[in-house]
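Read in this note's numbering, the sequence shown has 473 at position 86, and its numbers run on one by one without any break.
In this text, a Cβ means the ideal position worked out from N, Cα and C, and glycines have one as well.
The structure displayed is predicted, hence computed values, not measured ones.
Structure first, then comments.
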Amino acid sequence: AIGKGILISVVFLLKHWLPLGLSIILGFGISYLLRISSPSYYASDMVLRNNAVPIADMMSYVNRLHTFCLEDNKEALSQALSLKSESVENVLDIRSHWVIDKNRDGIPDIVDYKDKHDIYDTINIMMQDRLNIRVRIVEPQELISLKNGLLAYIHSDSLFQQRNRLRFKQNNELITRLEYDILQLDSLQKIKYYEETKSRQPQSGGQMIFLQEQKTQLVYEDIYGLYNRKQAREAERDIYSDIVTILSDFSIPAIRENNTMYYSKRVIPLAFVATLLILIILANKKKIREVFERY
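Written out as structure tokens, the structure is:
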């Protein structure tokens, strides 16, 4: 029965190839008309490194702007971004998305624009130190002012400021402690070396015998480990001192977001399915009429 159904479907499509092909051409034509009749808008992305707060809190905070855009609340959006109403009129959407790391290698691979990532996936994980912000805007020239407004919006939150100050304080305390431990280990290395060498000297003439080689280099390895930790903390303090850090800035898009292909992905399948349904109804109009007459 399944094979017979597939055969009938294939023959039906081949028999009506002309109207179905014309529906595809019609869908493409409608898409082109929608493109030339609709105002252009563009999309651009910015990647931020999150330094002070959990990534989920930061994304929730940024997505409040997305809610303002959905509600067309231009006044709230203008106040949040500290922009003039004329500039806010060009903003169509602002939304944050997860950055996905495939195979857990620490390298960002894709952005989850459709929010379809499986949170139970243990191989492809959501990165916890960065987020992607995508904006849709009518005038690409406004991206610079929009970026400044976004950064001002993030840095204006009092809780984020407190967390960043606490992070800064704790980081400085840890650097101070690491410096102290490095000095202590360095002194310990000198004492260990000279005391062990002294203990190896014969008390009275004769030949000195070394029964076991002392691994004095182990202390140096500990010192190098502390130095690496100290340098990492100094980089965290000096490079990533703000609440967020821009890893990839907005770029001026060259191609509009709502191009012909953007509309074709929606219009052509709709035109094809509508034509197919009409052909099926016409091919079975006698049976459909009998059903109506019977009931």
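Does the beta-carbon distance from residue i to residue j come in below 8 Å?
i: D505; j: N437; result: no
i: I411; j: F637; result: no
i: M433; j: I633; result: yes
i: S424; j: I655; result: no
i: S651; j: F399; result: no
i: V522; j: S431; result: yes
i: Q489; j: D496; result: Going by the sequence as given, residue 489 is Lys instead of Gln. Closer than 8 Å, so yes.
i: S483; j: L538; result: no
i: A622; j: Y540; result: no
i: R422; j: N646; result: yes
i: L666; j: H403; result: yes
i: L565; j: I610; result: no
With a threshold of 16 other CB atoms inside 10 Å of the CB of residue i, please say whether the residue is buried or exposed.
i: T603; result: Reliability of the predicted coordinates at T603 is poor, the pLDDT of 46 falling under 50, and no value is obtained from them.
i: S469; result: exposed
i: M648; result: exposed
i: V486; result: buried
i: S447; result: exposed
i: P406; result: exposed
i: L435; result: buried
i: I520; result: buried
i: H542; result: exposed
i: V678; result: exposed
i: D459; result: exposed
i: P426; result: exposed
i: P527; result: buried
i: G536; result: buried
i: T509; result: exposed
i: I481; result: buried
i: L452; result: buried
i: T662; result: buried
i: N671; result: exposed
Quick one: grab the DSSP three-state call for residue i.
i: T563; result: helix
i: R554; result: helix
i: M648; result: helix
i: V660; result: helix
i: V654; result: helix
i: I494; result: coil
i: L669; result: helix
i: I626; result: coil
i: S532; result: helix
i: D502; result: coil
i: D573; result: helix
i: I510; result: coil
i: D609; result: helix
i: D544; result: coil
i: S483; result: strand
i: S425; result: coil
Over what stretch of residues does the beta strand (DSSP E) that includes residue i continue unbroken?
i: I487; result: 486 to 488
i: A430; result: 429 to 437
i: S635; result: 631 to 635
i: I639; result: Unbroken run through I639: none, as it is neither H nor E.
i: R643; result: That residue, R643, is in no beta strand (DSSP E); it is neither H nor E in DSSP.
i: N519; result: 517 to 524
Could you please give the first and the last residue of the uninterrupted alpha helix (DSSP H) stretch that includes residue i?
i: N450; result: 442 to 457
i: L686; result: Residue 686 lies beyond the range of the chain shown here (388 to 682); nothing can be said about it.
i: K402; result: 389 to 402
Mind reading off the beta-carbon distance from residue i to residue j? Whole number of angstroms is fine, and I expect it under 8 Å.
i: R616; j: N558; result: Between N558 and R616 the Cβ distance is about 11 Å, and since that is not below 8 Å, they are no contact.
i: A439; j: I642; result: Not confirmed; about 36 Å, so no contact.
i: V475; j: L457; result: With 8 Å as the limit, V475 and L457 do not qualify as a contact, their Cβ atoms being about 14 Å apart.
i: L394; j: Y428; result: With 8 Å as the limit, L394 and Y428 do not qualify as a contact, their Cβ atoms being about 46 Å apart.
i: D568; j: L613; result: 6 Å
i: L530; j: I639; result: 7 Å
i: R624; j: F555; result: 7 Å
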